[in-house]
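Numbering (our numbering), first residue to last: 3 to 268.
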Amino acid sequence: MRRFAAALFALAALAAHTAPEPARADQLVTDLSEHQVAIRSNFTGTQILLFGAVEARTPGSRALNRDVVVVVQGPTRPMTVRRKEPIAGIWINHDSVTYPTVPGYYAIASTRPLEVTADPDTLKALRIGIENINPGTPTARAIDGTLQILPPDEENAFWKALIRNQRRNGLYTSLPGGVTFLGQTLFRATVDIPANVPVGLYTAKVYLLQDGEIIDTISSPLYIDKRGAERFLFRMAHSDPLLYGLIAVLIAALAGWLASAVMNRQ
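Structure, rendered in structure tokens:
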């Protein structure tokens, strides 16, 4: 009996040792060229390079149906969209819709167009794509400030107008083909940061898709902030607006006095 038990134990150990390992999915390794962007008076915009590699489950292989999607967004803030209408021959602000959690910046790049990387339901569930941004529950107000309920089609028109404005300002961008593979595993993407970008904490998120399904994701932080005198003035304007206004008035008065003194001497 002891020999039989020992034989069973040895057979079980051998089976466990020779059993095939579970299949490991492909994994991402990414990083940014810089994690902090300083905004000064001469800031005219910059570019962020996101680079990485796909660690394939089978070394040296590359699936043809593999896609990489890069999303850089942040920070969220309330935004109000107003509709102008002519009243007595004058165009004035009429109805308005406020969205509580709108990203101030949203850039997306992908190896291929999004519609061929995954089905619309998957993209919507993961909030991938400008049209799939979740701005929160909107609040609509009439011209007199009272709350109102807009039909879905009419509210959607306000949301499309907000996206259109952000695109025009260069704050919402979509670049199919913006992610390029360098060889079998290495890839890169360049994201433009405009001069009017809002300050705050950003997130650079990379999705790895295969056969239309997400198999890995990875995020990296990106912080954009003002530096030097610009940072001091920015914080003063938001933390102590009265003092900021008084200083601005004094500087304007001093500049006017100096200009007047120079003109009188001539």
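Where is the CB? At the ideal position from N, CA and C, for every residue including glycine.
State the CB to CB distance for the pair residue i and residue j, rounded to an integer number of angstroms; the pair is presumed to be in contact (CB under 8 Å).
| i | j | result |
| --- | --- | --- |
| residue 211 | residue 120 | 6 Å |
| residue 52 | residue 72 | 6 Å |
| residue 163 | residue 70 | Not confirmed; about 31 Å, so no contact. |
| residue 109 | residue 193 | 5 Å |
| residue 149 | residue 141 | 7 Å |
List the residues that DSSP assigns as beta-bridge partners of residue i.
| i | result |
| --- | --- |
| residue 57 | 29 |
| residue 78 | 105 |
| residue 202 | 226 |
| residue 87 | 94 |
| residue 183 | 189 |
| residue 215 | 212 |
| residue 166 | In DSSP, residue 166 forms no bridge with anything. |
| residue 252 | In DSSP, residue 252 forms no bridge with anything. |
Distance check for residue j and residue i, CA to CA, integer angstroms please.
| i | j | result |
| --- | --- | --- |
| residue 81 | residue 186 | 42 Å |
| residue 32 | residue 113 | 15 Å |
| residue 74 | residue 134 | 14 Å |
| residue 202 | residue 265 | 44 Å |
| residue 25 | residue 57 | The predicted position of residue 25 is uncertain, since its pLDDT is 49 and thus under 50; no value can be drawn from it. |
| residue 179 | residue 30 | 19 Å |
| residue 124 | residue 215 | 8 Å |
| residue 197 | residue 255 | 29 Å |
| residue 257 | residue 247 | 15 Å |
| residue 67 | residue 143 | 47 Å |
| residue 138 | residue 34 | 29 Å |
| residue 115 | residue 228 | 34 Å |
| residue 155 | residue 161 | 10 Å |
| residue 91 | residue 172 | 32 Å |
| residue 260 | residue 253 | 11 Å |
| residue 79 | residue 170 | 19 Å |
| residue 166 | residue 129 | 18 Å |
| residue 136 | residue 117 | 19 Å |
| residue 147 | residue 37 | 42 Å |
| residue 50 | residue 145 | 42 Å |
| residue 122 | residue 43 | 42 Å |
| residue 159 | residue 267 | 59 Å |
Check this for me: beta carbons of residue i and residue j, under 8 Å apart or not?
| i | j | result |
| --- | --- | --- |
| residue 250 | residue 224 | no |
| residue 107 | residue 199 | yes |
| residue 76 | residue 174 | no |
| residue 54 | residue 183 | no |
| residue 157 | residue 104 | no |
| residue 226 | residue 89 | no |
| residue 176 | residue 132 | yes |
| residue 191 | residue 263 | no |
| residue 217 | residue 28 | yes |
Can you give me the Cβ contacts of residue i inside the same chain, cut-off strictly under 7 Å, excluding the 5 residues immediately before and after it?
| i | result |
| --- | --- |
| residue 168 | 174 |
| residue 86 | 93, 94, 95, 96 |
| residue 48 | 39, 195 |
Identify, in the order they occur along the chain, each residue of the same chain with its Cβ nearer than 8 Å to the Cβ of residue i, setting aside the five sequence neighbours on each side.
| i | result |
| --- | --- |
| residue 46 | 197 |
Which residues in the same chain as residue i place their Cβ atom closer than 6 Å to its Cβ, once the five residues preceding and following it in sequence are excluded?
| i | result |
| --- | --- |
| residue 213 | 67 |
| residue 222 | 34, 206 |
Do we get a CB-CB distance below 8 Å when we pair residue i with the residues of chain C?
| i | result |
| --- | --- |
| residue 179 | Reference to chain C is not applicable here, since this structure consists of a single protein chain. |
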